[in-house]
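Visitor: Handing you this structure, nothing more for now.
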Amino acid sequence: MKRVFITGASSGLGAALAREYAARGAMLGLVARRETVLRELAATLPDSGRHRIYALDVTDHAALAAAATDFMAAAGGIDVVIANAGISVGTLTEIAEDLPQFERVVATNLNATVATFMPFIAAMRRQAQAGERGCRLVGIASVAGIRGLPGAAAYSASKAAVISYCESLRVEMRRDRIAVVTIAPGYIDTPMTQSNAYPMPFLMPAGRFASRAVDTIEAGASYRVIPWQMGVVARLLRLLPNWLYDFAFARAPHKARQGAEVR
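Numbering-wise, full-length UniProt numbering puts 222 at position 222 of the sequence shown, and it's gapless, one number per residue.
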């Protein structure tokens, strides 16, 4: 039985990943801020009594570490940790009031990824030394981290940092036989994307994303864009010279600045 810890589990990608892993027989540790929603989700999962929920903000690193310790004690170890919690909000550098939002996005999307992984690494090392295989640290990035999007500087910067951070960690963990998997979703049909007032190519249902993501995690792939069509688009965008990218995206629609959307 897989033991899986997921942050940002109350809705969107996190909830879809929880449903997919539960359907495959995993024991889950589910983290999000909204306890009522977490309890409602857990109640719908197979073998609901074996899952544990933790209502906390991932920027509270002490609470996150305590949840990790509690889950490992209850589950007898850990197999997969998915740092999925994230927020998205439009930001503009020239507006002073947006700086706290920028800091909040980075704290949630990047710093909390580090804080999510940190308390599990020693246990994963011990398990690997004891001959267990298949430990995974999974960072949920975004295609928005591949090239900077106008009006989404905080989100793009945080997700680009997640990609680079997970790459660094992957190399560090290689000798310990702990796999680090980076998944960069394209447009997935979740509350985060449903407010976007612009076209979203290759929009994928969250359940289909979760199935492909779990297959990717189980395979131990180092990096994957889901859906694959957005991976092709992302590679092409990365190859564009700056002058052409700037020209093409200078008038692209911006993410709304009001509020912050939670994944």
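The C-beta atom is built at its ideal place from N, Cα and C for all residues, glycine as well.
Since the model is a prediction, treat every value here as computed from it, not as a measurement.
#1: Ignore the nearest five residues each way along the sequence and tell me which others in G76's own chain have a CB closer than 8 Å to its CB.
#2: For R212, I'd like the list of residues in its chain whose CB is within less than 8 Å of its CB, leaving aside the five on either flank, ordered along the chain.
#3: When DSSP labels each residue in this structure, what does I95 get in the three-state scheme?
#4: Residues in the same chain with beta-carbon distance under 6 Å from I140, minus the five sequence neighbours each way, listed in chain order, please.
#5: If you draw a straight line from the alpha carbon of M124 to that of D79, how long is it in whole angstroms?
#6: Would you kindly work out how many angstroms separate the C-alpha atoms of T59 and V138, rounded to a whole number?
#7: In this structure, how does DSSP classify A221 when only helix, strand and coil are distinguished?
#8: Exposed or buried, R175, counting other C-beta atoms within 10 Å across all chains shown (16 or more means buried)?
#9: Closest by CA to V214, which one among D47, D70, I82 and L41?
#10: In chain order, what residues of the same chain lie with their CB nearer than 8 Å to the CB of G207, ignoring the 5 residues before and after it?
#11: List the DSSP bridge partners of L137.
#12: What residue range does the alpha helix (DSSP H) around Y155 cover?
#13: Quick one: using the 10 Å Cβ neighbour count with 16 as the cut-off for buried, is R126 buried or exposed?
#14: Buried or exposed for F120, going by 16 or more other Cβ atoms inside 10 Å?
#15: State the Cα-Cα distance for the pair L41 and E218, rounded to the nearest angstrom.
#16: Counting Cβ pairs, one atom from each stretch, are 3 or more of them under 8 Å apart for the stretch 50-64 and the stretch 29-40?
#17: Taking three-plus beta-carbon pairs below 8 Å as touching, is the stretch 88-101 in contact with the stretch 149-169?
#18: Go ahead and pull the three-state DSSP assignment for V262.
#19: Can you give me the Cβ contacts of A23 inside the same chain, cut-off strictly under 7 Å, excluding the 5 residues immediately before and after it?
#20: For F209, I'd like the list of residues in its chain whose CB is within less than 7 Å of its CB, leaving aside the five on either flank, ordered along the chain.
#21: Quick one: give me the first and last residue of the beta strand (DSSP E) that A26 is part of.
#22: With DSSP run on the structure shown, which of helix, strand or coil describes S88?
Guide: On the basis of the data shown:
#1: Only R3 meet the Cβ criterion.
#2: Non-local beta-carbon contacts of R212 in its own chain, meaning distances under 8 Å to residues more than five positions away in sequence, involve I226 and P227 in chain order.
#3: Three-state DSSP puts I95 in coil, outside helix and strand.
#4: For I140, where only same-chain residues beyond five positions count, the Cβ hits under 6 Å are N84 and I183.
#5: Going by the C-alpha atoms only, they are around 8 Å apart.
#6: Approximately 18 Å, taken between the alpha carbons.
#7: Coil.
#8: Per the 10 Å Cβ criterion, exposed.
#9: Taking only the C-alpha atoms, the option nearest V214 is I82.
#10: Here the set comprises A16, R19 and E20.
#11: BP columns for L137 point to V81 and V180.
#12: A153 to M173 is the span of the alpha helix (DSSP H), which, as asked, contains Y155.
#13: By the 16-neighbour rule on beta-carbons within 10 angstroms, R126 is exposed.
#14: By the neighbour-count criterion, in which 16 or more other beta carbons inside 10 Å mark a residue as buried, F120 falls on the buried side.
#15: Roughly 23 Å separates the two Cα atoms.
#16: Between the stretch 50-64 and the stretch 29-40 there are three or more inter-stretch CB-CB distances shorter than 8 Å, so the stretches are counted as touching.
#17: Judged by Cβ distances under 8 Å, the stretch 88-101 makes contact with the stretch 149-169, as three or more pairs qualify.
#18: Model confidence at V262 stands at a pLDDT of 47, short of 50, so the residue's coordinates are unreliable and nothing is read from them.
#19: In its chain, beyond the 5 residues on either side, P46 have a beta carbon closer than 7 Å to the beta carbon of A23.
#20: Excluding residues within five positions, the ones whose Cβ falls inside 7 Å are L13, A16, P185, I188 and I226.
#21: Careful: A26 lies outside any beta strand (DSSP E) and carries neither H nor E.
#22: S88 falls in the strand class under three-state DSSP.
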